[in-house]
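Below is one structure, written out as structure tokens, with a few remarks after it.
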Amino acid sequence: RMEAMEDGMGLTELGPVGVGDPSTEGTYVCRLSPHLVEVARQELQEKPEWRLRDIQALRDMLKEHPEIPAPTDDGFLLRFLRARKFDYDKALLLIDNYYKCRRVWPDVFVNFYPSSVRHVLEAGVVTALPQPDAQGRRIIVLRPGLWNPAVAPATDMLRVLYMTLEMLVRQEETQVCGLVVLADYAGLGLAHASHLGPAFVRRVATVLQVGSTPPVSVSGRVVVASLSFSFSLSLVNIEKKTKKKK
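Quick note: the sequence shown uses the UniProt record's numbering, first residue 1, plus one each step.
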């Protein structure tokens, strides 16, 4: 099951995508430890004495782009500034891409509430560990082998992943330290592969190219690979190519 966040805010309280964090509305108040303030200064080019000025500068730039339906509260804008090391132009582009991906793949982001994917949450397909690693990064564990394609479409897995990322990126510590995603592919087989053909992979790539994930640094690694899944996916691809030739 998805663990509640350390600050008491669980995934069930996430609300719709693209809405500013209610806890950061109004003038921003820094809650980072002195150590992370220094980390942000050194690695993200964040200067506390200029922070509000930088937020206002990005807000002013957004006013010139009414086609971008972004919130303008301090906390929301600060995420994107941190993700682009306080480069205004790059932060604005990231916000634009953040919303563009929702137009590219609307079926993932429609009905973006935990109640719509409770079956995937309860299966443990995506789990956020309660404690960060030694570098302060929150850890997400993916276990797609626990996904039951007879119960939920593949897009539900992605919806849960993005919800989890959205939840974690609301934490300032995550904005500064980033995330680690661990993938355990044990248990994946033909039943899964038949739902994950080349078209699905292309859609994932398309979304990633326009910045699908929330503004945060993400590191990833495979913990357990599945040879049976690789073989099953190859069989599915061969079968689809054969059908096209007929």
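Cβ atoms here follow ideal geometry from the backbone N, Cα and C, with glycine treated the same way.
Please read these numbers as outputs of a predicted model, since none were measured by experiment.
One question on the structure: do L129 and D184 come within less than 8 angstroms of each other, judged by their Cβ atoms?
Locating residue 129 in the sequence shown gives position 129, where the first residue counts as 1. Locating residue 184 in the sequence shown gives position 184, where the first residue counts as 1. No, they are not a contact pair.
Starting from the Cα of L146, find the closest Cα among L188, V108, R118 and give me that residue.
Here residue 146 refers to the residue found at position 146 of the sequence shown. Comparing Cα-Cα distances from L146 to each of L188, V108, R118, the minimum goes to L188.
Taking its Cβ as the centre, do 16 or more other Cβ atoms sit within 10 Å of V160, making it buried, or is it exposed?
Residue 160 sits at position 160 when you count from the first residue of the sequence shown. So V160 counts as buried.
Those residues which DSSP pairs with I139 across a bridge:
The sequence position of residue 139 within the sequence shown is 139, counting from 1. Per DSSP, V180.
Kindly confirm or deny that the segment 101-111 and the segment 71-82 touch, where touching means at least three C-beta pairs closer than 8 angstroms.
These segments do not touch.
Note down, in chain order, each residue of its chain lying with its Cβ closer than 7 angstroms to the Cβ of L94, except the 5 sequence neighbours on either side.
Locating residue 94 in the sequence shown gives position 94, counting from the first residue. Answer for L94: F80, A83, R84, G211, P215, listed in chain order.
Return helix, strand or coil for V39, following the three-state DSSP convention.
For the purposes of this step, residue 39 is identified with residue 39 of the sequence shown, where counting begins at 1. Collapsing the DSSP output to three states places V39 in a helix.
Let me know the secondary structure DSSP gives A91 once reduced to three states.
Taking the first residue of the sequence shown as position 1, residue 91 is located at position 91. Here DSSP, grouped into helix, strand and coil, assigns A91 to helix.
Residues sharing a beta bridge with R155, DSSP:
Stepping through the sequence shown from its first residue, residue 155 is reached at position 155. For clarity, residue 155 is Thr in the given sequence; the question names Arg instead. Answer is none; T155 lacks a bridge partner.
How would you call E49, buried or exposed, if buried means at least 16 neighbouring beta carbons within 10 angstroms?
Here residue 49 refers to the residue found at position 49 of the sequence shown. Taking a 10 Å sphere around the C-beta of E49, we find fewer than 16 other C-beta atoms and assign the residue as exposed.
Nearest-angstrom Cα distance between V29 and E172?
Within the sequence shown, the letter at position 29 stands for residue 29. Within the sequence shown, the letter at position 172 stands for residue 172. Computed Cα separation, rounded: 11 angstroms.
According to the neighbour-count rule (16 or more other Cβ atoms, all chains shown, within 10 Å of its Cβ), is E166 buried or exposed?
Locating residue 166 in the sequence shown gives position 166, counting from the first residue. Flag for E166 reads buried.
Compute the Euclidean distance between the alpha carbons of S217 and S33, then round it to the nearest angstrom.
Counting from one through the sequence shown, the residue named residue 217 turns up at place 217. Counting from one through the sequence shown, the residue named residue 33 turns up at place 33. Distance between the alpha carbons of S217 and S33 is about 19 angstroms.
Neighbourhood of Q175 by C-beta, 7 angstroms cutoff - its chain only, sequence neighbours within 5 removed
For the purposes of this step, residue 175 is taken as residue 175 along the sequence shown, with counting starting at 1. The residues are R79, R82, V169, V216.
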